[in-house]
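First comes the structure, then the notes that go with it.
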Amino acid sequence: MTIRVQADRFDMGAELNAFAATQTGAGALVSFTGIVRDLASGDLDAMEIEHYPGMTEKALAGIAAEATRRWSLAGSLIIHRYGRLAPDDPIMMVATAACHRGDAFAAAEYLMDYLKSRAPFWKKEITAAGATWVQAREADEDALGRWSEPD
Amino acid sequence: MIDLRYFAWLRERVGTGHEQVETGAATVADLIAELRQRDEGYALAFADPGAIRAAIDQELVGMDAPLAGAREVAFFPPMTGG
Chain A
9 MTIRVQADRF DMGAELNAFA ATQTGAGALV SFTGIVRDLA SGDLDAMEIE HYPGMTEKAL
69 AGIAAEATRR WSLAGSLIIH RYGRLAPDDP IMMVATAACH RGDAFAAAEY LMDYLKSRAP
129 FWKKEITAAG ATWVQAREAD EDALGRWSEP D
Chain B
9 MIDLRYFAWL RERVGTGHEQ VETGAATVAD LIAELRQRDE GYALAFADPG AIRAAIDQEL
69 VGMDAPLAGA REVAFFPPMT GG
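Going down the list, the sequences are from chains A and B.
Remember, the working numbering sits 8 above the position in the first sequence when you count from 1.
Remember, the working numbering sits 8 above the position in the second sequence when you count from 1.
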């Protein structure tokens, strides 16, 4: 399990190759990369991401540990950036490795769902007209419901 | 003394990201009620408790969480990572 929170841009291909190189014997590797999306109007100048140093790393480690408990994972990787990003910049990526694809896909989705609503990051969209904090979507909160385990 | 941390629009409305307070508040909700009395910025920041999330010592907690033993309390809007 590798967690990195950084301002620097990352190369998703290089990261995935490096992650794959440490996963000998895993038959399946799944990755997801989140990209700064321009507004429908095409006006986005930048996205600023704020986070809570300390809690961020703890929250991500907790989410990754829970994914490892639920699925048979050989390894997992989470990279999330903060600071000022431009449209089309990579924001974050997750990767999971497992014997079979079912575990790798499910764990990657779980990581994404929890990371969106339980890791302390906040996005702000900057345009020429000003800055707006991105509102949390109810659908993101609802997405956590599908992972609830029976008592 | 408790370290208070504010993030995102809460930080902007309060006007600082970090401060230390002496408080007799028993719970997170009590602390919010106390902070709201301070000035217009705090009143605006904490106007809608339903839009606020809280963490004690970097763990998410509910509004009724007790503050006893807390070193750091953080307030922020719902998270928007990913």
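Where a beta carbon is used, it is the ideal one built from N, C-alpha and C, also for glycine.
A quick note: this is a predicted structure, and the numbers were derived from the prediction, not measured.
- Within 10 angstroms of the beta-carbon of Asp19 (chain A) lie fewer than 16 other beta-carbons, which makes it exposed.
- Within the same chain, Gly35, Ala36 come within 7 Å of His108 (chain A) by CB-CB distance, once the 5 residues on both sides are set aside.
- By the criterion of a C-beta distance shorter than 6 Å, Val81 (chain B) is surrounded in its chain by Ile10, Leu12, Ile64, once the five residues flanking it on both sides are discounted.
- Residue range 63 to 78 is occupied by the alpha helix (DSSP H) that includes Thr64 (chain A).
- The region 15 to 81 of chain B contains, as complete alpha helix (DSSP H) runs of 4+ residues, the segments 16 to 22, 36 to 44, 48 to 53 (chain order).
- Close CB contacts of Ile11 (chain A) within its chain, under the 7 Å cut and outside five residues either way in sequence, are with Glu65, Leu68, Ala69, Ala72, Ile86 (chain order).
- For Gly83 (chain A), the uninterrupted beta strand (DSSP E) run begins and ends at 81 to 89, by DSSP.
- In the assembly as shown, Ser49 (chain A) is an exposed residue. Its beta-carbon has fewer than 16 other beta-carbons within 10 Å.
- Under the Cβ distance rule, Met87 (chain B) counts among the residues neighbouring chain A, one pair being separated by less than 8 Å.
- Ranked by how close their Cα comes to the Cα of Asp38 (chain B), the residues B:Gly90, B:Met71, B:Thr88 have B:Met71 in first place.
- Closer than 8 Å to the CB of Ala82 (chain B) there is at least one CB belonging to chain A.
- By the Cβ-count criterion, His88 (chain A) is buried, with 16 or more other Cβ atoms from all chains shown falling within 10 Å of its own Cβ.
- Using a CB distance cut-off of 8 Å, Pro128 (chain A) counts as an interface residue toward chain B.
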